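For reference, the structure discussed in these notes is given below.
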Amino acid sequence: MTKKLSILKYVFVSIAVVIGICLSVFSFPIPFTTSNFNGFINSIPLGLDVAGGYSAVYNIELEDSSNSLAEEIDYSISFIKDVLNSQGYSDAVVTKQGDSQIRLLVSNNNDPKTLISTLGSAGDIYIKSSETTNTSTSDIVGEDIARVYSTRLQTSETEFSWGVMIEFTDSSTTGKSGAEKYEDLTSTVASSGNTIYIYMDDELYQSVGGITSAQTSGTLFLSGGGISSQQTANQFALRVLVGTLETKLSQDPNSVIEIPSTITPNFLMFACVAIAILCVLFVVLLVIKFRDFGWISLLSLLIYAILVVFFMQAVPIVLLTLGGFIAIAVGIALLFFSHTILFKNIANEYANGKKIHLSIKSGYKKSVLTIVDINVVAIIASFVMWFLGDSFTISFGLILSISSLIGLFTTLLVTKAFMKWYLPINSSNAKKLGLKRGENVNEI
Amino acid sequence: MKSKYWLKLIAPVLILVLAIVLFFTVGFNKSLELRGYYLLEVNIGDYELSEALDKIENVLNDKEITIEEYIPEEDDYGMVIAIKYTTTDSNEHLQENIKDELFTEFAYNSSSLLEQTYIKVSDFIQPQSMTAPISSILLAVLIGLVGIFVYIALRHSTANAFSIVLSAILDVLLMISLTIILRLPISSSFALAIAGTMVFSVILNTLQYSKFIENSNDEKMLKLNNDEIIKISQQMFSKELIVLIMSYLFAVCVFAFYNLSTSLSLVFGILSSVYVSQLVTPHLWAMAYRRRVRTKKENKTAVNND
């Protein structure tokens, strides 16, 4: 590789980094379209503690007065928490208020006002064989439903549609299971009408036509009508899910209040400045100690930052909370340490008498396992935190997993490539890399 | 070395014992969200925030209630102050009395239907449960440590894996103990302190171990004993350790503005990790390493005897 080619590669990478930074930071209208590009940073969903959200109060009414209200409220709280978690509101807080109310705090993502009103407007679900508000024992009701989720399925040879998948129960202690009732229902409508009707209380919500035979799969996929996008599919799934509860939720009038970030008002700016200071400190330390290697680490750090920001907005379950910011700081510290280990081993090899290019080669070889070790233990710990933790550690675990993986990639591949490109530019001036020979050591 | 080893273990053991005693007598110092509270919401209309706060404080102070936390919020009708408070007064009309007095204080008409002039006092907001988050994080820590144990055991040795896992458990326990002893209020974000301490501990101990292993395999140090290898490794690692501690402390201090108690718990976690990695981990490594050397020597002697 010639010096000219190396410089060209650095220039090319620098331009790519500048473009990456612009894409991460700036929002702009996309030319020749009506859409806006929002910038990676602006697209990261922020948690309740960082960006605030909404609070709402619901009154809970028992549908079966023989049940215990306290028990039903506790069950409803845990049920709503699970439902909100599955809808991406992993940091939502649901607490009991008084004897018959629940208070919901939800972050400012994915249209929380619609979520709040959907929760308060969900009624009992009935799947019927005829268009009537009268109930019958053959109707499928909430307790016959095992799972509800929004999904995208192929509806024709060329088309995919968003819809809601309803899975019926396989067994029942009281009589027929949900799957059996659905088979009976579809068997009935197959011979007359070919249509089933889905009601929320007395309101006809959706009808599904074209049923010509009994369905034995135990699942029902609903699409079309009011369900046309992921958002409407999520809303309908939420309504059906809440409709399966044995309690009725009604929104307390005027209870919806916009709540600010629970952290200091300027936390976002504050945290970003702090992380920037941390990065600058690390780069300055590396530049002072290892000179040009420090600048290489700056380029790697920028690529790392762009990739982390990109994946944080691209992975749909990421929610940036306080824990996420701590994970970002830990990830940067890990990256710094990986680089320090790498450069220090190269310096040791040079001190022992090796030439610069051989020092880089053997220093890298010596560092790989240690760098892999510290990153892998961080990935194992953070992955488990994400998978099993609570709302505070989910964000911490997920973001640390992402940043450790990208850190590993950056250190072992990107920095290695930059060091390789650097050699044609300088392979003899050790001072430029802050390298020194050991005492009484001659070049091998 | 053996006597020093036990000496160094006394401090953590004392902290753990004291924490266990306190845990079973007074328990954790729980924050407001874990104790439950009443929420008072006042739409302040044309009043200044400080003026409205003074009015609310006057009414609550008369009833010997102190404001635990206040948050300026907003709804469709303007600025709202949300006040969180607790009371031991069992008078069932207390909340209604507070509401009535506030209507008078703010000169709002309680029968008015205007949304701009409402005052609401919530029923008691039940404390958030800590059982589920703490049990899920402890399960996560446990499974995470099993994963790390398997990885280190495959990469290095079972003894090393055992030491790293033991150190991480000790660090987390010390952090929890110090939080209990110093009566730091814990909130639902305490799980973050547990997770942060565990991650810091395993990274620090893995770095420390890598240094021990690297130096013990270095040809120049073959004649050195374990104490000397530990000393050299710690000297070589000292600068990185300082930078690592400083960077973590910096990150934690930034977040202290949000949640001081969790940040302090994290600081304790970092300090206990440093203590354990500098004073306990080296001895755990030395114990494992010495056994390996002895086995080699024994084998050599056995071969010579044959």
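Going down the list, the sequences are from chains Z and D. For the first sequence, my numbering begins at 1 and goes up steadily by one. For the second sequence, my numbering begins at 1001 and goes up steadily by one. Heads up, the beta-carbon is just placed ideally off N, CA and C, and yes, glycines get one too. As the structure is a prediction and not an experimental result, all values here were calculated from the model.
Would Y1077 of chain D and N1029 of chain D be called neighbours here (beta carbons separated by less than 9 Å)? Position 77 of the second sequence holds residue 1077 of chain D. Position 29 of the second sequence holds residue 1029 of chain D. No, these two residues do not count as a Cβ contact at 9 Å.
Could you list which residues in chain Z have their beta carbon closer than 7 Å to that of V1042 of chain D, in chain order? Counting from 1 along the second sequence, the entry for residue 1042 of chain D is found at position 42. Per Cβ cutoff of 7 Å: no residues; V1042 of chain D is ~12 Å from chain Z at best.
Going by Cα to Cα distance, which pick from D:A1161, D:V1165, D:Y1118, D:R1155 is closest to V994 of chain D? Here chain D comprises residues numbered 1001 to 1306, so residue 994 of chain D is not present and cannot be evaluated.
Hey, out of Z:K289, Z:M419, Z:T133, Z:K416, whose CA is closest to K1239 of chain D's CA? As a position in the second sequence, residue 1239 of chain D is number 239, starting the count at 1. The candidate whose alpha carbon is nearest that of K1239 of chain D is Z:K289.
Give the single residue among Z:V308, Z:K366, Z:K248 whose Cα lies nearest to the Cα of L400 of chain Z. On the first sequence, position 400 is the one that residue 400 of chain Z refers to. With distances taken between Cα atoms, L400 of chain Z lies closest to Z:V308.
Is Y1289 of chain D helix, strand or coil by DSSP? Here residue 1289 of chain D refers to the residue found at position 289 of the second sequence. Of the three classes helix, strand and coil, the one that applies to Y1289 of chain D here is helix, per DSSP.
Can a CB atom of chain D be found closer than 9 Å to the CB of Q101 of chain Z? Residue mapping note: residue 101 of chain Z aligns to position 101 of the first sequence, counting from 1. Cβ-Cβ to chain D under 9 Å: yes for Q101 of chain Z.
Residue ranges of each beta strand (DSSP E) within the stretch 387 to 418 of chain Z, 3 or longer: none
Can you tell me whether M1001 of chain D is buried or exposed? The criterion is at least 16 other CB atoms within 10 Å of its CB, across all chains shown. Along the second sequence, read from residue 1 onward, the residue named residue 1001 of chain D stands at position 1. Because the pLDDT of M1001 of chain D is 48, which lies under 50, any placement of that residue in the model is unreliable, and the number read from its coordinates should be weighed accordingly. With fewer than 16 other Cβ atoms within 10 Å, it is exposed.
Beta-carbon contacts of I346 of chain Z that lie in its chain and below 6 Å, excluding the five residues immediately before and after: Reading the first sequence from its first residue, position 346 is the one you call residue 346 of chain Z. Once the five neighbours on either side are set aside, the close Cβ partners of I346 of chain Z are S359, I360, G363.
Which residues mark the beginning and the end of the beta strand (DSSP E) in which S161 of chain Z is found? In the first sequence, residue 161 of chain Z corresponds to position 161, counting from 1. Counting along the chain, the beta strand (DSSP E) containing S161 of chain Z begins and ends at 160 to 168.
Counting along the chain, where does the beta strand (DSSP E) carrying N59 of chain Z start and finish? If you number the first sequence from 1, residue 59 of chain Z lands on position 59. From DSSP, the beta strand (DSSP E) with N59 of chain Z extends over 53 to 62.
Could you tell me whether any Cβ in chain Z is nearer than 9 Å to the Cβ of P1133 of chain D? Counted from its first residue, the second sequence places residue 1133 of chain D at position 133. Interface residue, yes.
Where N254 of chain Z meets chain B, residues with beta-carbon distance less than 9 Å: Here the protein chains are Z and D, and chain B is not one of them.
What in chain D is Cβ-close to V384 of chain Z, meaning under 7 Å? To locate residue 384 of chain Z, count along the first sequence from 1; it is residue 384. The answer, in chain order, is A1140, I1143, G1144, G1147.
For a quick check, are the C-beta atoms of D74 of chain Z and D1123 of chain D less than 9 Å apart? Working through the first sequence from its first residue, we reach residue 74 of chain Z at position 74. Working through the second sequence from its first residue, we reach residue 1123 of chain D at position 123. For D74 of chain Z and D1123 of chain D, no; Cβs fall outside 9 Å.
So, at 8 Å on beta carbons, what are the nonlocal neighbours of G193 of chain Z in its own chain, with the 5 sequence-adjacent residues on each side left out? The sequence position of residue 193 of chain Z within the first sequence is 193, counting from 1. Counting only Cβ-Cβ distances below 8 Å, and skipping sequence neighbours, we find S129, S130.
CB contact flag (V1146 of chain D, S1201 of chain D, <9 Å): Locating residue 1146 of chain D in the second sequence gives position 146, where the first residue counts as 1. Locating residue 1201 of chain D in the second sequence gives position 201, where the first residue counts as 1. No, Cβ-Cβ distance for V1146 of chain D and S1201 of chain D is not below 9 Å.
Going by the DSSP bridge assignment, what does R103 of chain Z pair with across the sheet? Sequence index remark: in the first sequence, residue 103 of chain Z carries index 103 (1-based). DSSP, once it has assigned bridges, lists Z:V57, Z:T95 as partnering R103 of chain Z.
If the cut is a Cβ gap below 8 Å, which residues of chain Z does S1273 of chain D touch? Residue 1273 of chain D sits at position 273 when you count from the first residue of the second sequence. None at all; the shortest Cβ gap to chain Z is about 13 Å.
Could you tell me how far apart the beta carbons of V83 of chain Z and L281 of chain Z are, in whole angstroms, since I believe they sit closer than 8 Å? Position 83 of the first sequence holds residue 83 of chain Z. Position 281 of the first sequence holds residue 281 of chain Z. 43 Å between Cβ atoms; not a contact.
For D252 of chain Z, which of Z:N352, Z:E61, Z:G438, Z:L433 has the nearest alpha-carbon? Locating residue 252 of chain Z in the first sequence gives position 252, counting from the first residue. Of Z:N352, Z:E61, Z:G438, Z:L433, the residue nearest in Cα terms is Z:E61.
Terminal residues of the continuous alpha helix (DSSP H) containing Q230 of chain Z? The residue given as residue 230 of chain Z occupies position 230 in the first sequence. Per DSSP, Q230 of chain Z belongs to the alpha helix (DSSP H) from 230 to 243.
Mind listing the chain D neighbours of A333 of chain Z? Cutoff is C-beta to C-beta under 8 Å, in chain order. On the first sequence, residue 333 of chain Z is found 333 positions in, with the first residue counted as 1. Going along chain D in sequence order, the residues near A333 of chain Z (Cβ under 8 Å) are L1244, S1247, Y1248, A1251.
Express the C-alpha separation of S1216 of chain D and R1294 of chain D in angstroms, rounding to a whole number. Within the second sequence, residue 1294 of chain D is the residue found at index 294, counting from 1. Within the second sequence, residue 1216 of chain D is the residue found at index 216, counting from 1. Legend: pLDDT at R1294 of chain D = 49, less than 50; position of this residue unreliable, value from coordinates given subsequently. So the two alpha carbons sit approximately 14 Å from each other.
Enumerate in chain order the residues of its own chain whose CB-to-CB distance from R1291 of chain D is below 8 Å, with the five nearest sequence positions on each side excluded. Working through the second sequence from its first residue, we reach residue 1291 of chain D at position 291. The predicted position of R1291 of chain D is uncertain, since its pLDDT is 48 and thus under 50; a value taken from the coordinates is nonetheless stated next. Only A1159 meet the Cβ criterion.
Cβ neighbours of S1110 of chain D in the same chain (closer than 6 Å, five flanking residues each side left out): Start at 1 with the first residue of the second sequence, and residue 1110 of chain D comes out as number 110. F1103, listed in sequence order.
Along chain D, in chain order, which residues have C-beta atoms closer than 7 Å to that of T340 of chain Z? The residue labelled residue 340 of chain Z in the question sits at position 340 within the first sequence. Within 7 Å Cβ-Cβ: E1240.
Report the start-end ranges of each beta strand (DSSP E) in the stretch 1021 to 1089 of chain D that is 3 residues or longer and not cut off at the edges. 1038 to 1043, 1067 to 1075, 1078 to 1085
Assuming E63 of chain Z and T247 of chain Z are in contact, meaning their beta carbons sit under 8 Å apart, how far apart are those beta carbons, in whole angstroms? As a first step, residue 63 of chain Z is located in the first sequence; it is residue number 63 there, counting from the start. As a first step, residue 247 of chain Z is located in the first sequence; it is residue number 247 there, counting from the start. Contact flag correct, Cβ pair sits at about 7 Å.
Residues of the stretch 1162 to 1189 of chain D whose Cβ lies closer than 7 Å to any Cβ of chain Z, in chain order: S1188, S1189
Relative to the C-alpha of T986 of chain D, which residue among D:A1161, D:S1247, D:L1170 is closest? This structure gives no information on residue 986 of chain D, because the portion of chain D shown stretches from 1001 to 1306.
How about the stretch 160 to 169 of chain Z and the stretch 219 to 238 of chain Z: do they share at least three Cβ pairs that are nearer than 8 Å? yes
Using the C-alpha atoms, what's the distance from Y1248 of chain D back to D1171 of chain D? Here residue 1171 of chain D refers to the residue found at position 171 of the second sequence. Here residue 1248 of chain D refers to the residue found at position 248 of the second sequence. Each residue's alpha carbon lies about 15 Å from the other.
Residue of Z:L398, Z:D390, Z:L405 minimising C-alpha distance to A1132 of chain D: Numbered from its first residue, the second sequence carries residue 1132 of chain D at position 132. The option with the nearest alpha carbon to A1132 of chain D is Z:D390.
Counting only Cβ-Cβ distances shorter than 7 Å, please list the residues of the stretch 1090 to 1111 of chain D near chain Z, keeping chain order. none
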